[in-house]
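Undergrad: Got a structure for you, written out below as structure tokens; questions coming shortly.
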Amino acid sequence: MGIYDISVTKSTGEEYPLSEYKGRPMLIVNTATKCGLSGQFDNLEHLYKEYKEDGLVVLGFPSNQFRQELDKAEEAAEACRMSYGVTFPMHDIVNVNGKNAHPLFRYLTDNSKGFLSNSIKWNFTKFLVDQEGNIIGRYAPKDKPESFEKDIKKVVGKANM
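Converting from the sequence shown to this note's numbering requires adding 42 to each position, the first position being numbered 1.
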């Protein structure tokens, strides 16, 4: 099974397969609107606007496993739009760890190097996936999105710019 075999649900309830993004790089992030790191929404939105013409899509997945998210996906998505100007796709609230972890996060943690284990330690863990569905990088919650912009540039073909 690959990443394109996994289906996800938008905050609106619409389910779709990640194969819709085949041929496009993805930056996948577990988010939380009440997290101390929520200022990263601004940085993520900046990267999305900067590189979306080059194919990059940022995908936000709210999780309340660390007890820092609103109760409903639509409320979380609205908070992201209103407080941070987020225009990238936001999804249903998911579990990122444990036996009830969403298949996407099981796949991402099983197929990338983590810090000490395969679990996600906190909100705003970020995964960069290339156009072929390969996980290029896993970035810690405190890693600001601009700190790995060079990796995004490589993936979108702007490494020398």
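No residue lacks a Cβ here, since even glycine has one placed at the ideal position from N, Cα and C.
It should be emphasised that the depicted structure is a prediction, and the values quoted were computed from it without experimental measurement.
Between the alpha carbons of Pro104 and Ser53, how many angstroms are there, rounded?
TA: Roughly 9 Å separates the two Cα atoms.
Undergrad: Alpha carbon to alpha carbon, how far is Glu191 from Glu56?
TA: 30 Å
Undergrad: Just to confirm my understanding: we take His88, look at its own chain, exclude 5 residues before and 5 after, and list those with CB closer than 7 Å. What are they?
TA: none
Undergrad: Assuming Pro131 and Gly175 form a contact by the criterion Cβ under 8 Å, report the distance between their Cβ atoms to the nearest whole angstrom.
TA: Beta-carbon to beta-carbon, Pro131 and Gly175 are separated by about 17 Å, too far to satisfy the 8 Å threshold.
Undergrad: In three-state DSSP terms, what is Ser189?
TA: helix
Undergrad: Contact defined as beta carbons within less than 8 Å: I believe Asp96 pairs with Gly199. What is the distance between those atoms, to the nearest angstrom?
TA: 7 Å
Undergrad: From Lys168, Pro67 and Asp152, pick the residue whose C-alpha is nearest to that of Tyr93; which is it?
TA: Ranked by how close their Cα comes to the Cα of Tyr93, the residues Lys168, Pro67 and Asp152 have Pro67 in first place.
Undergrad: How about Glu87: is its Cβ closer than 8 Å to a heavy atom in the ligand ATP?
TA: Judged by which ligands are present, the structure shown has none, so any question about the ligand ATP falls away.
Undergrad: Quick one: residues in its chain with C-beta nearer than 7 Å to the C-beta of Lys196, no 5 flanking neighbours on either side, listed in chain order?
TA: Contacts found: none.
Undergrad: If you follow the beta strand (DSSP E) that Leu60 is part of, which residue opens it and which one closes it?
TA: Per DSSP, Leu60 belongs to no beta strand (DSSP E) and is neither H nor E.
Undergrad: Report back the beta-carbon spacing between Asn160 and Asp152 to the nearest angstrom; my notes put them in contact at under 8 Å.
TA: 6 Å
Undergrad: Would Pro183 be called buried (16 or more neighbouring beta carbons within 10 Å of its own) or exposed?
TA: A residue is called buried once 16 or more other Cβ atoms fall within 10 Å of its Cβ, and Pro183 is buried on that count.
Undergrad: Starting from the C-beta of Glu188, find all residues in its chain whose C-beta is less than 8 Å away, skip the five residues before and the five after it, and write them out in chain order.
TA: Asn85, His88 and Leu89
Undergrad: So what's Phe169 in DSSP terms, helix, strand or just coil?
TA: strand
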